[in-house]
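There are 2 protein chains.
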Amino acid sequence: MTAPTTLGNDLLRSAARLSRWASRHASFDVPFAQARLLALLDELGPSRVSTLAAADHSSQPTITTQLQRLEASGWVHRASDPDDARATVISLSAEGHAALESVRRARLAVLSPALDQLDGPALDRVRVAIDVMNELLSAAADAPVPHPTRKDG
Amino acid sequence: MTAPTTLGNDLLRSAARLSRWASRHASFDVPFAQARLLALLDELGPSRVSTLAAADHSSQPTITTQLQRLEASGWVHRASDPDDARATVISLSAEGHAALESVRRARLAVLSPALDQLDGPALDRVRVAIDVMNELLSAAADAPVPHPTRKDG
DNA sequence: CAATTTACATAGACAACCTATGTATATCAA
DNA sequence: TTGATATACATAGGTTGTCTATGTAAATTG
Numbered sequence: 001m002t003a004p005t006t007l008g009n010d011l012l013r014s015a016a017r018l019s020r021w022a023s024r025h026a027s028f029d030v031p032f033a034q035a036r037l038l039a040l041l042d043e044l045g046p047s048r049v050s051t052l053a054a055a056d057h058s059s060q061p062t063i064t065t066q067l068q069r070l071e072a073s074g075w076v077h078r079a080s081d082p083d084d085a086r087a088t089v090i091s092l093s094a095e096g097h098a099a100l101e102s103v104r105r106a107r108l109a110v111l112s113p114a115l116d117q118l119d120g121p122a123l124d125r126v127r128v129a130i131d132v133m134n135e136l137l138s139a140a141a142d143a144p145v146p147h148p149t150r151k152d153g
Numbered sequence: 001m002t003a004p005t006t007l008g009n010d011l012l013r014s015a016a017r018l019s020r021w022a023s024r025h026a027s028f029d030v031p032f033a034q035a036r037l038l039a040l041l042d043e044l045g046p047s048r049v050s051t052l053a054a055a056d057h058s059s060q061p062t063i064t065t066q067l068q069r070l071e072a073s074g075w076v077h078r079a080s081d082p083d084d085a086r087a088t089v090i091s092l093s094a095e096g097h098a099a100l101e102s103v104r105r106a107r108l109a110v111l112s113p114a115l116d117q118l119d120g121p122a123l124d125r126v127r128v129a130i131d132v133m134n135e136l137l138s139a140a141a142d143a144p145v146p147h148p149t150r151k152d153g
């Protein structure tokens, strides 16, 4: 039972490093977290603030702030939810979609030199990596950790 | 040639999400970036500021600031480099090592529920994920991207 | 020894978070 | 209907993490 002990740490460390490296080297016109939110909106479609917060694993005020920035850039639109006047439905604008695409290109460009050198089997390994992380995220989300942040009693 | 296009983005997205999820759910007593720096020091041993900056892919002032925080917490020691009076050699203190271990335990705890459900082959896939990301990082570091951030002329 | 380079620190700014709290709407219970 | 409570989002205020630009001290070089 020695393996799993370092495995989780190694995985998180590698993921964090790759992520950090990419965010440092890609020449964004869009800040990192805002790009993440654009991607989420693209994936989910028009969504409420609280839905976005949950999906992004961040707090509602964080999303509110980010949305204000996105809106100031003209990347998202807001509309009242006809079923609930308290709620706001956020959707990606055409400009937002374009911004997201530019981010994707920038990220791709930064990783391409490395990816281009890979052959078929190596690309398969990359796919495994993606799948593994997604699966772990789903599994982790399903089974919330015993002691998240609170110490309760 | 469709695959590599989304592949890089998918990989970065998954890595970022996993990383963000873990940092949000693990109950750290140590801030994320500081933990990263502690881990780096543990890995490299006593190092100069500029060495740490390069290894962490961050700027020298960033490392300087973080080291001030780590030092304030008693987690690192500084010593003048006997060979070069300009340079400082940073090393992990016993307390720093303990802090790092506590971070590792916290991270492990947060990922364990998911990892514990995996069998041998699934664990192998996790190892593949770790290796793939490390290899990409090395490859990317070796072959610096064509247009990193500057637009020059 | 003056000029340049190198190693680190400081200054100032912004992004990205969080918790605590406020405001408006919805719901529910008399 | 009204008052209490819950829900959805916004605001306030603070910490962390980073960057670029620049300053200071020591090393190197011509």
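As you go down the protein sequences, you meet chains A and B in turn.
Counting along the first sequence from 1, when you hit position 135 you're at 135 in full-length UniProt numbering, and nothing is skipped either side.
Counting along the second sequence from 1, when you hit position 8 you're at 8 in full-length UniProt numbering, and nothing is skipped either side.
Heads up, the beta-carbon is just placed ideally off N, CA and C, and yes, glycines get one too.
Per DSSP, which residues does residue i bridge with? Please list them.
i	result
L92 (chain A)	A:V76
R48 (chain B)	B:V89
D29 (chain A)	D29 (chain A) is not bridged to any residue.
D84 (chain A)	A:D81
With a cut-off of 8 Å on the beta carbons, I'd call residue i and residue j a contact; round off their distance for me.
i	j	result
A79 (chain B)	V89 (chain B)	5 Å
L92 (chain A)	D29 (chain A)	With 8 Å as the limit, L92 (chain A) and D29 (chain A) do not qualify as a contact, their Cβ atoms being about 16 Å apart.
R107 (chain A)	N9 (chain B)	6 Å
L40 (chain A)	A55 (chain A)	6 Å
Closest Cβ-Cβ distance between residue i and chain A: below 8 Å?
i	result
I63 (chain B)	no
A74 (chain B)	It should be noted that the sequence gives Gly, not Ala, for residue 74 (chain B). Cβ-Cβ to chain A under 8 Å: no for G74 (chain B).
Q60 (chain B)	no
D119 (chain B)	no
G8 (chain B)	yes
G153 (chain B)	Residue confidence for G153 (chain B) is low, a pLDDT of 23 falling below 50, so the modelled location carries little weight; the figure read from the coordinates is stated next. False, the Cβ-Cβ gap to chain A never drops below 8 Å.
H139 (chain B)	According to the sequence as given, residue 139 (chain B) is Ala; it is not His. So yes, A139 (chain B) belongs to the interface.
residue 155 (chain B)	Only positions 1 to 153 of chain B appear in the structure, and residue 155 (chain B) is not among them; the question remains open.
R48 (chain B)	no
R69 (chain B)	no
L44 (chain B)	no
So that I know if they touch, is there some Cβ in chain B lying closer than 8 Å to that of residue i?
i	result
S14 (chain A)	yes
S102 (chain A)	no
R125 (chain A)	yes
L18 (chain A)	yes
M133 (chain A)	yes
P113 (chain A)	yes
H57 (chain A)	yes
V89 (chain A)	no
A53 (chain A)	no
A129 (chain A)	yes
R107 (chain A)	yes
residue 154 (chain A)	Because residue 154 (chain A) is not part of the residues shown, which for chain A are 1 to 153, the question remains open.
A99 (chain A)	no
L37 (chain A)	no
A22 (chain A)	yes
L41 (chain A)	no
Is residue j closer than 8 Å to residue i when the C-beta atoms are compared?
i	j	result
S114 (chain B)	L136 (chain A)	Looking at the sequence itself, residue 114 (chain B) is Ala, so the reference to Ser does not match. Taking 8 Å as the Cβ cut-off, A114 (chain B) and L136 (chain A) qualify as a contacting pair.
L111 (chain B)	L67 (chain A)	no
A139 (chain A)	Q117 (chain B)	yes
V76 (chain B)	G96 (chain B)	yes
R104 (chain A)	H57 (chain B)	no
A87 (chain A)	D81 (chain A)	yes
Practice task
Pair every Cβ in the segment 9-23 of chain B with every Cβ in the segment 46-61 of chain B, then say whether three or more of these pairs are closer than 8 Å.
Solution key: Touching, no.
Problem - Stretch pair the segment 125-133 of chain A + the segment 114-133 of chain B: three plus CB contacts closer than 8 Å - result: With the cut-off at 8 Å, the segment 125-133 of chain A and the segment 114-133 of chain B touch.
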